[in-house]
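Everything below concerns the one structure shown next.
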Amino acid sequence: MENQPTPNRTPLTPEVVSAILRDPDSPLYPSRITVFCDDCGTEATGEYMVSAEQNSLERLEVARAHLRAQGWQCDRSGDYCPEHKAQNDACPGVGEYGHGLTGTTVHVGCCPASR
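Residue numbers (our numbering): 18 to 132.
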């Protein structure tokens, strides 16, 4: 993945998006991506500039990186809105691999990530 442009992880103005779309050499294009809270189903939908070279997981990570900056928990244990991230953060059963994941600390049902 050498020499690939890094997709923008912040919202772009309509003018910037228009300029990117008019540039025939730009591999970036706007994509609407929705991430759901794994506990309550809250939706976070946004428009992100992604690259044609990215696979679907890489494009999803562009949205997740933006949501983490907005207070979401997006990691191996799942995607959680700020409310459920706070519940996960308060959980005493965080194992070495994170909330609800196999590790040395066993917990079931005590936080959104372990349900």
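C-beta atoms are modelled at their ideal positions from N, C-alpha and C, and glycine is treated no differently.
| field | Coil, strand or helix - E70 by DSSP | value | For the purposes of this step, residue 70 is taken as residue 53 along the sequence shown, with counting starting at 1. Coil, per DSSP.
| task | Going by DSSP, name the residue or residues bridged to S48. | result | As a first step, residue 48 must be located in the sequence shown, where it is residue number 31. Answer is Y65, bridged to S48.
| message | the ligand SAH and Q104: does any heavy atom of the ligand fall closer than 7 Å to the residue's C-beta? | response | The ligand SAH is not among the ligands present in this structure, which contains no ligands whatsoever.
| task | Determine the DSSP secondary structure at D145, reduced to helix, strand or coil. | result | Since the first and last residues shown for the chain are 18 and 132, residue 145 lies out of range.
| field | Chain-order list of residues whose beta-carbon lies under 7 Å from that of H101 (same chain, five-residue window excluded) | value | Locating residue 101 in the sequence shown gives position 84, counting from the first residue. The residues are C54, D56, C57, P129.
| request: Would you check if there are 3 or more beta carbon pairs closer than 8 Å linking the region 67–87 to the region 30–37? | output: no
| Are E64 and P44 touching if we call contact CB-CB under 8 Å? | Residue numbering aside, residue 64 sits at position 47 when the sequence shown is read from its first letter. Residue numbering aside, residue 44 sits at position 27 when the sequence shown is read from its first letter. Cβ atoms of E64 and P44: not closer than 8 Å.
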